[in-house]
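Counted the way mature numbering (1 follows the signal peptide of the UniProt record, and there is no 0) counts, the sequence shown spans residues -19 to -1, 1 to 187. Glycine included, every Cβ here is placed at the ideal spot set by N, Cα and C. To start, the structure itself, in structure tokens.
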Amino acid sequence: MKFIGILIFLITCCSPLWAQNYMDVMDNNKVTIHTDHQHKIIFQTKEIHKKTSPDNTYFWYASRKIHETQGDYSGKLLHGDYLHYYPDNELAYKGQFKKGLKTGTWTEWTDDGILKKQSHWKKGQETGAYSLYDEKGNTLEMGKLKAGRRNGKVVMRLPQDSTFSTTYYQEGNEISKEAYIDQNIFRRTGHYIGQQWQKLFSKKNK
């Protein structure tokens, strides 16, 4: 009888602790933190073991902080939606992570809600369409990036008269319009030849 009484006492005392631990596990993949500057960040994590690359920067969570490390990580990788708020709850950043790497569309705003930048990410590389905006939300620059560098046709607004000019790039290096056109012709020709070969082999295999 004395043993049963002790057991009931232990269960009663420890049950809040067990409940707290259980809730921590249930909410473990969704985390909310506040930075030293009173910014609020809501994100998701996942415990994943994956091969890393020195070409990528990995975002991971440990000790109540988000860390970013080139080529490696040592905690739970960010995986899922990411929301970063200014102290007044205005959105600062919105995007997604996949296994610690930025992916999809990422958007950045000023502290008064004006659009600042929008770009696309693929496997941790800023690759695809992007746009930059001025303090009034008007377009400053738009084009495409490849691994964070301008690539292809880029349109920029000139500060002196607000007209737009077009410049051409190859992986961050400025090239002539003729070189850009030649590259496109070569790329399209190669794509067309590849399609024809694929059709030819498909017919032979039937």
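Report the rounded CA-to-CA distance for Gln1 versus Asp69, giving the unit in angstroms. One-based indexing of the sequence shown puts residue 1 at position 20. One-based indexing of the sequence shown puts residue 69 at position 88. Low per-residue confidence applies at Gln1: pLDDT is 30, beneath 50, and the placement is therefore not dependable, though the value from the model is reported in the following sentence. Cα to Cα, Gln1 sits roughly 30 Å from Asp69.
Which complete beta strand (DSSP E) runs does the stretch 56 to 124 hold, if anything under 3 residues is left out? 57 to 66, 72 to 79, 82 to 90, 96 to 103, 106 to 114
Start and end residues, beta strand (DSSP E) containing Tyr54: Start at 1 with the first residue of the sequence shown, and residue 54 comes out as number 73. Per DSSP, Tyr54 belongs to no beta strand (DSSP E) and is neither H nor E.
To the nearest angstrom, report how far apart Trp41 and Thr50 are at their CA atoms. The count along the sequence shown starts at 1 and reaches residue 41 at position 60. The count along the sequence shown starts at 1 and reaches residue 50 at position 69. Distance between the alpha carbons of Trp41 and Thr50: 8 Å.
In chain order, what residues of the same chain lie with their CB nearer than 6 Å to the CB of Ile95, ignoring the 5 residues before and after it? On the sequence shown, residue 95 is found 114 positions in, with the first residue counted as 1. The answer, listed in chain order, is Gly118.
The beta strand (DSSP E) spanning residue 189 covers which residue range? Because the chain spans -19 through 187 in this model, residue 189 falls outside it and cannot be assessed.
Indicate whether Lys125 and Gly109 have their beta-carbon atoms separated by less than 8 Å. Within the sequence shown, residue 125 is the residue found at index 144, counting from 1. Within the sequence shown, residue 109 is the residue found at index 128, counting from 1. Yes; because the gap between Cβ atoms is below 8 Å, this pair is in contact.
Distance, Cα to Cα, Thr39 vs Leu58? For the purposes of this step, residue 39 is identified with residue 58 of the sequence shown, where counting begins at 1. For the purposes of this step, residue 58 is identified with residue 77 of the sequence shown, where counting begins at 1. It is Tyr, not Thr, that sits at residue 39 in the sequence shown. Their backbone Cα atoms lie some 8 Å apart in a straight line.
Along the chain, where does the beta strand (DSSP E) that runs through Lys31 open and close? Taking the first residue of the sequence shown as position 1, residue 31 is located at position 50. From DSSP, Lys31 is part of no beta strand (DSSP E); its letter is neither H nor E.
Identify whether Gln151 lies in helix, strand or coil by the three-state DSSP scheme. In the sequence shown, residue 151 corresponds to position 170, counting from 1. Reduced to three states, the DSSP call for Gln151 is strand.
Can you say whether Ala73 is buried or exposed, counting buried as having 16 or more other CB atoms within 10 angstroms of its CB? For the purposes of this step, residue 73 is taken as the residue at position 92 of the sequence shown. Its Cβ being crowded by 16 or more others within 10 Å, Ala73 is buried.
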